[in-house]
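Down below is the structure, laid out as structure tokens.
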Amino acid sequence: MISTRNLALSGLFVAIMLILGYLEKILSLGLGYGIKLGLSNCVLLLCLYWFGTPISVALMLAKVFLSSILFGGFNPISLSLSLAGGAISMLGMALMVFTVREVSPVGAGVVGGVLHNVGQLLVAILVYSYPVLYSYIALLLVVGAVMGGITGTIVVRLKHFLPYERRKQFGFLSRKDEGQAEA
Amino acid sequence: MKRRDIWIIGAVAVLAGLLLLLGQVIKPAPPVKALPTLSITNAREPDSGGPLEEANSYLRIRQGQEYYHLVPLNGPGQIVIRQDNGWENVIYIDKDSVVMHSANCPNQDCVNMGEMTLSNIDTRVFQRWIVCLAHQISLELMPREEALRLMEDSAP
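Protein sequence lines correspond, in order, to chains P and A. For the first sequence, the working numbering assigns the number 3 to the initial residue and increments by one for each residue that follows. For the second sequence, the working numbering assigns the number 898 to the initial residue and increments by one for each residue that follows.
Below, the structure is given as structure tokens:
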């Protein structure tokens, strides 16, 4: 059962993701070529550490559907690409955080960023017969990795906001925390 | 950063490098047989199966899984593709060049792909393609020889 506090936080996170996505769109941070910065991914990564996989998946779905309705004209093709990218990226990040471990948020962010682009490209090529352009795919992988690294770094900066027990679980405790635990 | 982070970044870099090499080695596959056409408004349509109008380059337009007739790029013109659900793409063509002038798709990626000419397809990121994924429209620029081959293959 989700606590009231987490429910409120979830709503806040979805709102932040939508705002970040909208800002990227209106400020034309897309860099052309269908490349997006994917800043909202850092919120999803933080959610994974904060709430675990099920709630994070729900937040990802909420973000994808709401931004499609609000800013994407509910275009079915764009929606299916966002869903594929979001799902495979979430899967990869969850594996890094909960199964592989020994990976910092930067590594998990890189995996998420790369897989987001891989998922979108797979659907575009296999379902919508998008041309297979190897140099473009290589570019998307590199951009996904760089942006994933940036979002991961943002999460590293934000990790002290996580609840104490989550920080303890993921080995994010600071010296101050340990001092308090000893006292 | 932990050691496994470095491995992940290294793996992505190696994969990207391999793809770049692959892109150099693998040339674009020959175009598949043309399918029956949809109609293009505001553009001259060559007769089906007839000789190709003289031009150095041709534009092959696909919507979904169907192809339009080849459009000879021998002078200025405008192609408007309107779909029943209100999706619209406006393409400007000129001698050996094509650009997606406007589209009412949400992301505008196709409009941002810029002009495509016979001389810049080797250096463009998207090579010989302009794609509007949201409307499932792709424009493929092809030189005359390739267009002729395509017509021969599709002739009954």
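In this text, a Cβ means the ideal position worked out from N, Cα and C, and glycines have one as well. All values reported here derive from a predicted model rather than from experimental measurement.
Across the structure, A/Ile906 and P/Leu97 are spaced so that their CA atoms are roughly 16 Å apart. Cα atoms of A/Met1010 and A/Arg957: separation of roughly 17 Å, rounded to the nearest angstrom. Using a Cβ-Cβ cut-off of 8 Å, P/Val66 does not count as an interface residue toward chain A, since no Cβ of chain A sits closer than that to its own. When DSSP reads this structure, A/Asn986 sits in a beta bridge with A/Ile978, A/Ala1000.
Beta-carbon to beta-carbon, P/Ile18 and P/Val45 are separated by about 5 Å, close enough to satisfy the 8 Å threshold. Per the DSSP secondary-structure output, A/Asp991 pairs in a beta bridge with A/Ser994. Between P/Val99 and P/Gly154, the beta carbon gap of about 11 Å keeps them out of contact (Cβ cut-off 8 Å).
Think of a sphere of 9 Å around the beta carbon of A/Gly920: the chain P residues whose beta carbon falls inside it are Leu135, Tyr136, Ser137, Tyr138, Ile139, Ala140, in chain order. DSSP places A/Val1028 in the uninterrupted beta strand (DSSP E) bounded by 1026-1029. The beta carbon of P/Gly115 is closer than 7 Å to those of Gly40, Asn43, Gly146, Ala147, Met149, Gly150, Thr153 in its chain, skipping five residues each way along the sequence. At a cut-off of 8 Å, the C-beta of P/Gly181 has no neighbouring C-beta in chain A. Any Cβ of chain A closer than 8 Å to the Cβ of P/Val99 would place that residue at the interface, and such an atom is absent. The beta carbon of A/Pro969 sits closer than 6 Å to those of Glu950, Ala952, Tyr955, all from its chain and outside the five residues before and after it, given in chain order. In the three-state reduction of the DSSP assignment, P/Gln171 falls in the helix class. Taking the C-beta atoms as reference points, A/Asp993 is found no nearer than 8 Å to A/Thr1020. Around the beta carbon of A/Trp904, fewer than 16 other beta carbons lie within 10 angstroms, which makes this residue exposed. Around the beta carbon of A/Leu1036, 16 or more other beta carbons lie within 10 angstroms, which makes this residue buried. Only Cys1002, Pro1003, Asn1004, Asp1006, Asn1009, Met1010, Val1022 from the segment 994-1022 of chain A bring a Cβ to less than 8 Å from some Cβ of chain P. Our two residues, A/Gln1024 and A/Gln962, have alpha carbons roughly 21 Å apart in a direct line. For secondary structure counted as the alpha helix (DSSP H) over 4 or more consecutive residues, the segment 16-67 of chain P holds these complete runs in sequence order: 42-53. For P/Ser12, the secondary structure class from DSSP, reduced to helix, strand or coil, is helix.
At least one beta carbon of chain A lies nearer than 8 Å to the beta carbon of P/Phe73.
Taking C-beta separations shorter than 6 Å and ignoring five residues to either side along the sequence, the partners of A/Arg959 in its chain run Ser1035, following chain order.
Excluding residues up to 5 positions away in sequence, Tyr130 lie with their Cβ nearer than 7 Å to the Cβ of P/Ile79 in the same chain.
In the DSSP assignment, P/Thr101 is bridged to no other residue. Taking 8 Å as the upper bound on Cβ-Cβ separation, chain A lies near residues Val102, Glu104, Val105, Ser106, Val108, Gly109, Val112, Val113, Val116, Ala126, Tyr130 of the segment 99-130 of chain P.
In this structure, P/Ala89 places its C-beta atom within 8 Å of the C-beta atom of P/Gly121. Within its own chain, the residues whose Cβ lies closer than 7 Å to the Cβ of P/Met95, once the five positions on either side in sequence are excluded, are Leu47, Leu50, Ala110, Val113, Gly114, listed in chain order. In this structure, A/Val987 sits away from A/Leu1038, with a CB-CB distance that is not shorter than 8 Å. For the set A/Val1028, A/Val1022, A/Arg1041, the Cα lying nearest the Cα of P/Ile139 is the one of A/Val1022. Following the DSSP letters along the chain, one finds A/Leu956 inside the beta strand (DSSP E) bounded by residues 954-960. If you draw a straight line from the Cα of A/Gln1033 to the Cα of P/Met92, it comes to about 26 Å.
Only residues of its own chain outside the window of five on either side were considered, and among them Ile90, Ser91, Gly94 have a CB closer than 7 Å to the CB of P/Leu117, listed in chain order.
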